[in-house]
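Reading through the structure tokens given below for one structure.
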Amino acid sequence: MSIIKGSEKIVNPLQESALKKKGLCDYVINIASGCLHGCTFCYVPSTPAIRTKQKELQEKGISNPQMDWGKYLLVRENIPEQLEEKLSRKKKWRETPEGKGVVLLCSGTDPYQNYQTAKITRKTVEILSKNQKRVRILTRSPLWINDLDILNQPNITVGMSLPFLNDELSLKIEPQAPPPSKRYEALQKGHQAGCRLYVAMAPTPPIMTLDDFKINLEQIMKIDPEVIFWEPINARGTNGKRMIVAGLEFASSIMTKKSWAENFIKQWEHVEKAAKSVGCLDKLHIWPDPELKGYVEEEKLNRWLYMPTVETWQKETVSQTRKKSTKTRNKKLAIVR
Ligand code: SF4
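Residue numbers (my numbering): 168 to 504.
Structure representation (structure tokens):
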């Protein structure tokens, strides 16, 4: 199938998100359906975001929305206008202890995968900033560096997925995404500019060794991220099949629940040991999987689920300050009356 590009309209640009269980956000904005990076391990095509749109996508010429992941991109051009409208009407803002009221761009696509999505992302971030919302960017593309003028501020954190620093391995696993060396360069530039940063060292393949983790973390610590998220590749839905089609032999070693869980536990031990030896255990944030129940002590599992990150945000957003001062003013008026 050749690449299919187009646009789509959605009703709600700002969705409440369950990703607080990973300490990521309370809301998510996805500026497209599909992702041209087409990473072989990507779970998105197996999620309801794509599964519930099977027919709609097939009508656009995408015969198999799961297996053809990476070959289609339907951009939601109206998101900025819709968001502006939505925020002007929105009275309550969800701010859980784990999600911290943060808006994530994006969970189901890459916000900076090309110039077209970068333009929509920029407009969207500008609107969120104007409304004093906390923003988390997550990308594999260095294009965000062009937006440093709006991203470098206290209410925005930019994160890059950097599971490993090996361009050759990346060519096999995430062949259409910019190589890790370019991502790392972007992080270095962001660090030099004083940008708030984090890294998603995820998802890591089962071939990663303790030394690989140490080398990664040593490099990552040079850009001083506030938090380093970690999870291994989880073979789930169709991603196992896609990895096998891509010739990734390691995929078959994590295809059963038992082998997946054993690999998760082994890597978890490695990553914690490596973080300890590099001196960044305090920044490491594990993304456990509830499916590990029965394989990992429940207490250990529950400790990480819904754990807030160590990131700190400005105590109050301007909108909260405004609300407070209105309350105080009303109280004073009540006293005077
Ligand atoms: S960049 Fe993210 S959303 Fe896009 S294919 Fe890769 S993992 Fe999936």
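Ideal Cβ positions, reconstructed from N, Cα and C, are used throughout, including at glycine. Remember, it's a predicted structure, so these values are computed and weren't measured experimentally.
Through-space distance from residue j to residue i, alpha-carbon basis
{"i": "residue 145", "j": "residue 226", "result": "Because the chain here runs from 168 to 504, residue 145 falls outside it and cannot be looked at."}
{"i": "residue 341", "j": "residue 207", "result": "6 angstroms"}
{"i": "residue 389", "j": "residue 295", "result": "30 angstroms"}
{"i": "residue 454", "j": "residue 272", "result": "18 angstroms"}
{"i": "residue 298", "j": "residue 181", "result": "14 angstroms"}
{"i": "residue 169", "j": "residue 420", "result": "31 angstroms"}
{"i": "residue 485", "j": "residue 218", "result": "Below a pLDDT of 50, predicted positions are generally treated as unreliable, and residue 485, at 46, falls in that range; no measurement from the model is reported."}
{"i": "residue 172", "j": "residue 391", "result": "37 angstroms"}
{"i": "residue 507", "j": "residue 440", "result": "Because the chain is modelled from 168 through 504, residue 507 falls outside the range shown and cannot be assessed."}
{"i": "residue 462", "j": "residue 396", "result": "21 angstroms"}
{"i": "residue 353", "j": "residue 309", "result": "5 angstroms"}
{"i": "residue 204", "j": "residue 409", "result": "14 angstroms"}
{"i": "residue 480", "j": "residue 414", "result": "43 angstroms"}
{"i": "residue 372", "j": "residue 482", "result": "38 angstroms"}
{"i": "residue 379", "j": "residue 331", "result": "8 angstroms"}
{"i": "residue 334", "j": "residue 236", "result": "21 angstroms"}
{"i": "residue 503", "j": "residue 260", "result": "Because the pLDDT of residue 503 is 42, which lies under 50, any placement of that residue in the model is unreliable, and the question is left without a value."}
{"i": "residue 201", "j": "residue 238", "result": "8 angstroms"}
{"i": "residue 242", "j": "residue 437", "result": "39 angstroms"}
{"i": "residue 343", "j": "residue 434", "result": "26 angstroms"}
{"i": "residue 214", "j": "residue 316", "result": "34 angstroms"}
{"i": "residue 336", "j": "residue 452", "result": "24 angstroms"}
{"i": "residue 185", "j": "residue 465", "result": "20 angstroms"}
{"i": "residue 224", "j": "residue 234", "result": "13 angstroms"}
{"i": "residue 469", "j": "residue 348", "result": "35 angstroms"}
{"i": "residue 266", "j": "residue 374", "result": "32 angstroms"}
{"i": "residue 447", "j": "residue 368", "result": "13 angstroms"}
{"i": "residue 450", "j": "residue 387", "result": "11 angstroms"}
{"i": "residue 416", "j": "residue 276", "result": "26 angstroms"}
{"i": "residue 338", "j": "residue 240", "result": "21 angstroms"}
{"i": "residue 345", "j": "residue 210", "result": "19 angstroms"}
{"i": "residue 488", "j": "residue 216", "result": "Note that residue 488 has pLDDT 48, beneath the 50 cutoff, so the model's placement of it is unreliable and the number below is only indicative. For residue 488 and residue 216, the distance between alpha carbons rounds to 36 angstroms."}
{"i": "residue 370", "j": "residue 191", "result": "15 angstroms"}
{"i": "residue 467", "j": "residue 355", "result": "34 angstroms"}
{"i": "residue 320", "j": "residue 307", "result": "20 angstroms"}
8 angstroms contact criterion, which residue i and residue j should meet: CB distance rounded
{"i": "residue 404", "j": "residue 418", "result": "So it is not a contact: roughly 13 angstroms between Cβ atoms."}
{"i": "residue 478", "j": "residue 324", "result": "7 angstroms"}
{"i": "residue 475", "j": "residue 264", "result": "5 angstroms"}
{"i": "residue 399", "j": "residue 431", "result": "5 angstroms"}
{"i": "residue 193", "j": "residue 293", "result": "About 20 angstroms; that fails the 8 angstroms criterion."}
{"i": "residue 459", "j": "residue 188", "result": "No, residue 459 and residue 188 are not in contact; Cβ-Cβ is about 13 angstroms, not under 8 angstroms."}
{"i": "residue 287", "j": "residue 198", "result": "5 angstroms"}
{"i": "residue 303", "j": "residue 322", "result": "That belief does not hold up - the Cβ atoms of residue 303 and residue 322 are roughly 10 angstroms apart, past 8 angstroms."}
{"i": "residue 442", "j": "residue 422", "result": "No, residue 442 and residue 422 are not in contact; Cβ-Cβ is about 28 angstroms, not under 8 angstroms."}
{"i": "residue 221", "j": "residue 232", "result": "6 angstroms"}
{"i": "residue 384", "j": "residue 445", "result": "4 angstroms"}
{"i": "residue 314", "j": "residue 289", "result": "5 angstroms"}
{"i": "residue 196", "j": "residue 291", "result": "6 angstroms"}
{"i": "residue 305", "j": "residue 311", "result": "Contact doesn't hold; Cβ gap of about 10 angstroms is too wide."}
Check: residue i C-beta below 7 angstroms from any heavy atom of the ligand ATP
{"i": "residue 288", "result": "The model depicted lacks the ligand ATP and carries the ligand SF4 instead."}
Exercise. Would the stretch 173 to 183 and the stretch 239 to 254 be scored as touching if the rule is three or more Cβ pairs under 8 angstroms?
Worked result: The stretch 173 to 183 makes contact with the stretch 239 to 254; the number of CB pairs closer than 8 angstroms reaches 3 or more.
For this session: Please go through the stretch 335 to 416 and give each complete alpha helix (DSSP H) segment of 4 or more residues, from N-terminal end onward.
Result: Every alpha helix (DSSP H) stretch that sits fully inside the stretch 335 to 416 and reaches 4 residues is listed by chain position as 347 to 360, 377 to 388, 406 to 412.
Exercise. Touch check for the stretch 252 to 265 and the stretch 274 to 284: three-plus C-beta pairs under 8 angstroms?
Worked result: No, the stretch 252 to 265 is not in contact with the stretch 274 to 284.
Exercise. Is it true that the stretch 359 to 370 meets the stretch 426 to 436, where meeting means three or more beta-carbon pairs spaced less than 8 angstroms apart?
Worked result: These segments do not touch.
For this session: Only counting runs of 4 or more residues, tell me where the alpha helix (DSSP H) segments fall wholly within the stretch 179 to 260, in order along the chain.
Result: For the stretch 179 to 260, whole alpha helix (DSSP H) runs of length 4 or above, ordered along the chain, are 215 to 218, 221 to 226, 246 to 256.
Exercise. Are there three or more Cβ pairs, one per stretch, closer than 8 angstroms when the stretch 363 to 372 is compared with the stretch 325 to 345?
Worked result: Counting Cβ pairs under 8 angstroms, three or more are found: they touch.
Exercise. Looking at C-beta atoms only, is the number of pairs between the stretch 263 to 271 and the stretch 227 to 238 that lie closer than 8 angstroms three or more?
Worked result: Output reads no: the stretch 227 to 238 does not touch the stretch 263 to 271.
Problem set entry | Contiguous beta strand (DSSP E) assignments of at least 3 residues, all confined to the stretch 296 to 326 | Those beta strand (DSSP E) runs which fall completely within the stretch 296 to 326 and span 3+ residues are 302 to 306.
Problem set entry | Segments of 3+ residues assigned as beta strand (DSSP E) that fall wholly inside the stretch 448 to 490 | Qualifying beta strand (DSSP E) stretches, in chain order: 451 to 453.
For this session: Entirely within the stretch 269 to 297 and at least 4 residues each: give me those alpha helix (DSSP H) ranges in chain order.
Result: If only uninterrupted alpha helix (DSSP H) runs of at least 4 residues are considered, those enclosed by the stretch 269 to 297 are 282 to 297.
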